[in-house]
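I have placed the structure first, in the form of structure tokens, so that the comments after it can refer back to it.
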Amino acid sequence: MGLLLTALGAAIAGCSVGPSYERPAPVGGPAPAALAFKERPPPSPPGGAWRQAHPSDGELRGKWWELFGDPQLDAMEERIAVSNQTLKVAVSQYFEARDQVRVARAGYFPTLSVAPSATHTRESYNQPNTVRGVTRYSFDTFALQGQALWEPDLWGRVRRTVEQARANAEASAADLANVALGLQAELALDYFQLRGLDTQRDLLERTLASDLDSLHLAEVRLAGGVATEVDVAQAETQCRSVKAQQIDLGVQRTQLEHAIAVLVGVPPSAVTMAPAPVAVTAQVPAIPEAVPSTLLERRPDIAAAERRTAAANAQIGVALAAYYPNVTLSASGGLDSGALGTLLQVSSFFWSAGASAIETLFDGGRRHALTDQARDAYQAEVAAYRQSVLDAFREVEDNLAALRILAEEADAESAAVESARRSLSISTKRYRGGVASYLEVLTAQTIQLTNERAQAEIVTRRFTGTVQLIKALGGGWSASNRPIASNRSSTADLGSSPRSFGP
């Protein structure tokens, strides 16, 4: 009988209720390859819509921050994978989700148990139907028995549960990569903002030195009787104003330094970064071209949303399996004897085998409600997935547009700085010659400082915009690298290897 049921189970093992999963199409229905970025339209190939294949050597790699060629940034980015506590939380959550796959897979196999026992019993002398001197009122019982229970996965409930757990584990792996990417991008943003403040501080130091020269000139002219005390007061005011601006930068710089310390997993007091201005002529690295079809595989948040959609689809199959009977195969056997010496004899052996089936006839609509709930949850995940795709396209478009506009603004601001410097030089010469008041010099100094600070801010925004574009493109992550291995990797591997868990 047991062999018959086993054969029956194997014959219909391929049966799994519930819909087969297909990845939802983006909003609007076109295939990903048919989409394009507004800021980077695809070239029109000659002779049709086909595009010549090319190697992917220009794609972003795992350690995308190395594009900036900054050794100090490289060293701090590497420390995130080792010391950041937020990333360690995501690592543990991934391990938890992966362990759940093993829990679900256990449903494929029978449950085996063994129950050895030894009992001494002393019954009442006054119980009915006994004869004193004949009836045994005290005796021993020794037993060594085992039991096997197995519920064949006839309707695919276990297979759908494993499918759901695996999809959730893959979503958790993508979540881990997304956390790592977010932390790495946040560190790079803080780093370049801090360096931008260093640039402005350096600019203010040079401006202050120039303004002190102007103050000395005003004092000399006052001593010679060709200037007024107003000129000296205005020059002093300008110097003090520039000095105050320079001191004010220290507040934000200190906060950024503290934020960087927390990201690399050390107390704020343990990090002190020496000033390192960025040249206003520094060029941001070129970002490799990307198309929407690859973006769907490169963004870990999109991959996580898609995997959760697959898990929700599998849950529909789990709910539908409840409509079918649960078949259980059982077998038990062992040794039972009243004396320990005869326990291992053949005559002490006993066994039993059987099968049972349970079918729910009425549950007040519970199974129907759970199935509807699973279908609704799937539709919600589909909408969340499509929204994540839309958000990803928007972020890429935003940052592509920002970098293009900032490049144009940088050229315009560079010309404005040159004009402001020329204007200050002319005004200073006019003041030295006595044909202009110091107010003209002061106005030219203010205009020059304003434009030079704007130029420095544009450089910072171009670097931070490049970091945000890299993040929007998914960094160096790829959905093909999602790990579902049985062996545990180290925390460092989880955060740093592009072949494991993220950028």
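Position 248 of the sequence shown, counting from 1, maps to 468 under my numbering, and the rest follow consecutively.
A virtual CB, placed ideally from N, CA and C, is assigned to each residue, including glycine.
Reduced DSSP category for residue i - H, G, I as helix; E, B as strand; rest coil
| i | result |
| --- | --- |
| Val726 | Coverage of the chain is limited to positions 221 through 723, which leaves residue 726 absent and any answer about it impossible. |
| Gln347 | coil |
| Val311 | helix |
| Phe412 | helix |
| Leu564 | coil |
| Val302 | helix |
| Trp370 | strand |
| Thr331 | strand |
| Trp375 | coil |
| Thr361 | strand |
| Ala245 | coil |
| Arg342 | strand |
| Pro508 | coil |
| Pro291 | helix |
| Ser434 | helix |
| Ser392 | helix |
| Ser461 | helix |
Range of the contiguous beta strand (DSSP E) that encloses residue i
| i | result |
| --- | --- |
| Asn546 | 546-557 |
| Gly537 | Segment 520-541 is the alpha helix (DSSP H) holding Gly537; no beta strand (DSSP E) there. |
| Ala573 | 569-578 |
Residue i versus residue j: straight-line alpha-carbon distance, rounded
| i | j | result |
| --- | --- | --- |
| Thr666 | Ala496 | 25 Å |
| Phe329 | Leu564 | 29 Å |
| Val560 | Phe362 | Sequence check: residue 560 is Leu here, not Val. Answer to the nearest angstrom: the Cα atoms are 6 Å apart. |
| Pro505 | Leu287 | 6 Å |
| Ala530 | Ser634 | 52 Å |
| Ile625 | Ala405 | 22 Å |
| Ala335 | Gly553 | 10 Å |
| Ser236 | Arg528 | 20 Å |
| Ala622 | Gln535 | 42 Å |
| Ala656 | Arg650 | 5 Å |
| Ala551 | Val602 | 45 Å |
| Ala525 | Ala539 | 21 Å |
| Asp631 | Thr419 | 18 Å |
| Ala502 | Ala455 | 32 Å |
| Gln593 | Val378 | 19 Å |
| Arg776 | Leu549 | This structure does not reach residue 776, given that the chain is present from 221 up to 723, and the question cannot be answered. |
| Ala532 | Pro239 | 11 Å |
| Leu407 | Ser643 | 39 Å |
| His588 | Leu307 | 41 Å |
| Ala499 | Glu628 | 18 Å |
| Pro348 | Thr562 | 30 Å |
| Thr663 | Gly289 | 39 Å |
| Glu259 | Asn619 | 9 Å |
| Phe359 | Gly366 | 23 Å |
| Ser461 | Ala438 | 17 Å |
| Tyr543 | Leu581 | 9 Å |
| Ile480 | Asp410 | 7 Å |
| Ala295 | Leu401 | 16 Å |
| Thr427 | Leu669 | 7 Å |
| Ala636 | Asp431 | 20 Å |
| Glu449 | Leu693 | 59 Å |
| Arg380 | Gly470 | 57 Å |
Any chain B beta carbon closer than 9 Å to residue i
| i | result |
| --- | --- |
| Gly694 | Annotation note: the requested chain B is absent from the structure, which comprises a single protein chain. |
Extent of the continuous alpha helix (DSSP H) to which residue i belongs
| i | result |
| --- | --- |
| Val491 | Unbroken run through Val491: none, as it is neither H nor E. |
| Asp618 | 586-652 |
| Lys691 | 658-692 |
Quiz prompt | the region 301-312 touching the region 410-424, judged by at least three CB pairs closer than 8 Å | solution = no
Quiz prompt | contact_flag[the region 680-690, the region 612-628] where n(CB pairs < 8 Å) is 3 or more | solution = yes
Quiz item: Is the region 435-442 close to the region 517-525, with three or more CB pairs under 8 Å?
Solution: no
Practice problem: Report yes or no: do the region 476-492 and the region 418-430 share at least 3 C-beta pairs separated by less than 8 Å? | Solution: no
Quiz prompt | Touch test, the region 468-479 against the region 566-584, Cβ-Cβ under 8 Å, three pairs minimum | solution = no
Exercise. Specify whether the region 338-348 and the region 306-326 touch according to this definition: at least 3 beta carbon pairs, one from each stretch, less than 8 Å apart.
Key: no
Quiz item: So, do the region 597-611 and the region 238-248 have three or more beta carbon pairs nearer to each other than 8 Å?
Solution: yes
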